[in-house]
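Worksheet: the structure to be examined is printed underneath.
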Amino acid sequence: MAAFPSGFLWGCATSAYQIEGSPLADGAGPSIWHRFAHTPGLMRDAETGDIACDHYRRFKDDVALMKRLGMQAYRFSVSWSRILPDGTGRVNQAGVDFYSRLVDELRANGIEPFVTLYHWDMPAALDDKGGWLNRDSAEWFAEYASVLFRALDGRVTKWATLNEPWVVTDGGYLFGALAPGHRNLFETPIASRNLMRAHGAAVRAYRETGRHEIGLVVNIEPKYPASESPEDLAATRRATAYMNEQYLDPAMLGRCPPELRDVFGEAWTDWSDDDLAAVRQPIDFLGINYYTRAVTRDDPAAWPVRTATVRQDGAFYTETGWEVYPQGLVDTLVWIKQRYGDIPLYITENGVALADAPVENGRLHDPQRIEYLRQHLLALHQAIAAGVDVRGYMVWSLLDNLEWSLGFSKRFGIVHVDRQTQERTLKDSAEYYSRIIASHGRAL
Ligand SMILES: N#[N+]C[C@@H]1[C@@H](O)[C@H](O)[C@@H](O)[C@@H]2O[C@H]12
Numbered sequence: 009m010a011a012f013p014s015g016f017l018w019g020c021a022t023s024a025y026q027i028e029g030s031p032l033a034d035g036a037g038p039s040i041w042h043r044f045a046h047t048p049g050l051m052r053d054a055e056t057g058d059i060a061c062d063h064y065r066r067f068k069d070d071v072a073l074m075k076r077l078g079m080q081a082y083r084f085s086v087s088w089s090r091i092l093p094d095g096t097g098r099v100n101q102a103g104v105d106f107y108s109r110l111v112d113e114l115r116a117n118g119i120e121p122f123v124t125l126y127h128w129d130m131p132a133a134l135d136d137k138g139g140w141l142n143r144d145s146a147e148w149f150a151e152y153a154s155v156l157f158r159a160l161d162g163r164v165t166k167w168a169t170l171n172e173p174w175v176v177t178d179g180g181y182l183f184g185a186l187a188p189g190h191r192n193l194f195e196t197p198i199a200s201r202n203l204m205r206a207h208g209a210a211v212r213a214y215r216e217t218g219r220h221e222i223g224l225v226v227n228i229e230p231k232y233p234a235s236e237s238p239e240d241l242a243a244t245r246r247a248t249a250y251m252n253e254q255y256l257d258p259a260m261l262g263r264c265p266p267e268l269r270d271v272f273g274e275a276w277t278d279w280s281d282d283d284l285a286a287v288r289q290p291i292d293f294l295g296i297n298y299y300t301r302a303v304t305r306d307d308p309a310a311w312p313v314r315t316a317t318v319r320q321d322g323a324f325y326t327e328t329g330w331e332v333y334p335q336g337l338v339d340t341l342v343w344i345k346q347r348y349g350d351i352p353l354y355i356t357e358n359g360v361a362l363a364d365a366p367v368e369n370g371r372l373h374d375p376q377r378i379e380y381l382r383q384h385l386l387a388l389h390q391a392i393a394a395g396v397d398v399r400g401y402m403v404w405s406l407l408d409n410l411e412w413s414l415g416f417s418k419r420f421g422i423v424h425v426d427r428q429t430q431e432r433t434l435k436d437s438a439e440y441y442s443r444i445i446a447s448h449g450r451a452l
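The letter at position 169 of the sequence shown is residue 177 when you use the numbering used here, and the numbering goes up by one with no holes.
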């Protein structure tokens, strides 16, 4: 296997609410996820992020674990409400100091910090003011981002504004499975627009003071028509526009996919030229989160996109019900290059939830996760060989963690976490990934 490009970054990814615990420690304010998780009936097994992986207190041990595995980069998110407990205004220096210590610990161990500003945990105080439905949210976000740019830029050289805006709106405003738990078709496009306005405002703020790189992280799920029927082809177009183009088109092309008018109907209002211009800010990279594909058919009853995913006979499906389809990563990366140009890309998440075996004698055998990683890294190498400028790969995830409203039922980690003791145990996949890093991909 030919090596990956020189300078290619091998790392792992997590997010604040999923691993940190101690959500209200040292002056932090509650986030919408703290509020959602403490609302009875919304979380599987009534789990919360109150402890999670206790990373807030154990971060030095976790950085040592990354060092042992040879990680070159670590993608993590900052909890907005640790920095600004009320969402705006008063800065909680203890919160800034925690992330400053984490960044210094990473750099002291030769691991590059890769910071996500927003991984879904808006301060509850701002949700009380309308959250992403309030047009002021763009300015709120830029204020928060600027506090971090001033405190950390230089020690942090790669910033991402948002993580998966599609999940924030589809889960948080349309279907209600995620915080803040709304189910409102009319709110959804409003939240989408303000999220992207916030992205643009933060990028503009970064250009005033920042000296390094800033980008956007999106989840892409390539859609393949179940048949060549006009209905299935149209459904595939709607699904592609709704999930894969809805955020990238404004950010990269300064326009919205026309199919969104069909998807949202009377809930849709065209973006103003000013909003389109404000969102389309030059960025330094795109982060792509890839997990699976969707073979798509027309389903008139499936509100509001009117599509359904067709299960594939003979395919392997994960604990989250996702088809394992490495070719979809190749197709996604080639599509990004063709549609949006040769912008540098990072695979900012890729991984799999499996029904892991128990830990035995300090080991956990997870051959299926090894095979998942191997197949997707081979696919990634194929895309790079085809000319796609991919500069890094972050496995999701370092640790078994809180899978949002699914609680701890879905284990994505290459490191097992014992829920009672918090003991970390390397899975075989961690040792495998460590060998891949050490060989710069040649061991694939
Ligand atoms: N589900 N799932 C796993 C993973 C989730 O844990 C991350 O927080 C998200 O960024 C993205 O959805 C992917």
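Backbone N, C-alpha and C define an ideal beta-carbon position, used for all residues, glycine too. Since this is a predicted model, take the numbers as computed values, not measurements.
Original post:
Is the region 118-136 close to the region 58-69, with three or more CB pairs under 8 angstroms?
Top reply: no
Original post:
By Cβ distance below 6 angstroms, which residues in the same chain neighbour L110 in space, the five residues on each side in sequence not counted?
Top reply: F67
Subject >> Distance between beta carbons of G295 and A153, contact taken as under 8 angstroms >> reply: Actually they are not in contact, since the Cβ atoms of A153 and G295 sit about 16 angstroms apart, beyond 8 angstroms.
Subject >> Beta bridge counterpart(s) of V164 as assigned by DSSP >> reply: D161
Subject >> Any non-hydrogen atom of ligand 1 closer than 7 angstroms to F420 Cβ >> reply: yes
**OP:** Give a yes or no on contact between the region 323-342 and the region 386-398, applying the rule of three or more CB pairs nearer than 8 angstroms.
**Re:** yes
Subject >> Terminal residues of the beta strand (DSSP E) in which S437 lies >> reply: Note, S437: premise wrong, no beta strand (DSSP E); alpha helix (DSSP H) at 436-446.
Subject >> Which listed residue (T22, L284, L241, R347) has its alpha carbon closest to that of R314 >> reply: L241
Original post:
Is H384 closer than 8 angstroms to A11 when the C-beta atoms are compared?
Top reply: no
Original post:
Of the residues Y126, D292, F183, which one's Cα is nearest the Cα of A146?
Top reply: Y126
Subject >> Helix, strand or coil at D70 according to DSSP, with G and I counted as helix >> reply: helix
Original post:
Where does I296 sit, in a helix, a strand or coil, going by DSSP?
Top reply: strand
**OP:** Could you tell me the distance, in whole angstroms, from the CA atom of V176 to the CA atom of D94?
**Re:** 20 angstroms
Subject >> Cα-Cα separation, Y440 to A446 >> reply: 10 angstroms
Original post:
Enumerated in chain order, which unbroken segments of the alpha helix (DSSP H) with a length of 4 residues or greater are wholly contained in the region 203-231?
Top reply: none
Original post:
Looking at the structure shown, is T433 part of a helix, part of a strand, or coil, going by DSSP?
Top reply: strand
Original post:
Any idea what DSSP makes of M402, helix, strand or coil?
Top reply: strand
**OP:** Consider the C-beta atom of Q383 and the heavy atoms of ligand 1; say whether any pair is separated by less than 7 angstroms.
**Re:** no
Original post:
What are the boundary residues of the beta strand (DSSP E) that includes Y255?
Top reply: It is not in any beta strand (DSSP E) - Y255 carries neither H nor E in the DSSP assignment.
Original post:
Distance, Cα to Cα, F84 vs S413?
Top reply: 20 angstroms
Original post:
Where does the unbroken alpha helix (DSSP H) through R305 begin, and where does it stop?
Top reply: Counting along the chain, R305 falls outside any alpha helix (DSSP H), though it belongs to the beta strand (DSSP E) covering 302-306.
**OP:** Would you tell me roughly how many angstroms separate the C-alpha atoms of H63 and L77, rounded to the nearest one?
**Re:** 17 angstroms
**OP:** Tell me whether E151 counts as near ligand 1, meaning its Cβ is closer than 7 angstroms to at least one heavy atom of that ligand.
**Re:** no
**OP:** Under 8 angstroms Cβ to Cβ from G29, same chain only, skipping five residues before and after it: list those, please.
**Re:** G57, D58, I59, A60, C61, D62, H63, Y64, R65
Original post:
Could you give the residue range of the alpha helix (DSSP H) that holds E113?
Top reply: 101-116
Original post:
Taking A316 as the reference, which of A247, R201, G395 has the closest Cα?
Top reply: A247
**OP:** Report yes or no: do three or more beta-carbon pairs, one from the region 219-229 and one from the region 180-200, lie closer than 8 angstroms?
**Re:** no
Subject >> Collapsed DSSP secondary structure at G19 in the structure displayed >> reply: strand
Original post:
Residues in its own chain within less than 8 angstroms of R399 by CB, not counting five upstream and five downstream?
Top reply: P13, G15, F16, L17, F293, P352, L353, Y354
Original post:
Exposed or buried, which one is S23 when buried takes at least 16 other CB atoms within 10 Å?
Top reply: buried
**OP:** Pick helix, strand or coil for L92, following the three-state DSSP scheme.
**Re:** coil
Subject >> Cβ-Cβ distance between K231 and T300 below 8 angstroms >> reply: no
Original post:
Under 7 angstroms from any heavy atom of ligand 1, does the C-beta of W404 make it?
Top reply: yes
Original post:
For V226 versus Y250, is the C-beta distance shorter than 8 angstroms?
Top reply: no
Subject >> Among C20, M9, Q26, H373, nearest to K418 - alpha-carbon criterion >> reply: Q26
Original post:
For W404, does the count of other Cβ atoms within 10 angstroms reach 16, so buried, or fall short, so exposed?
Top reply: buried
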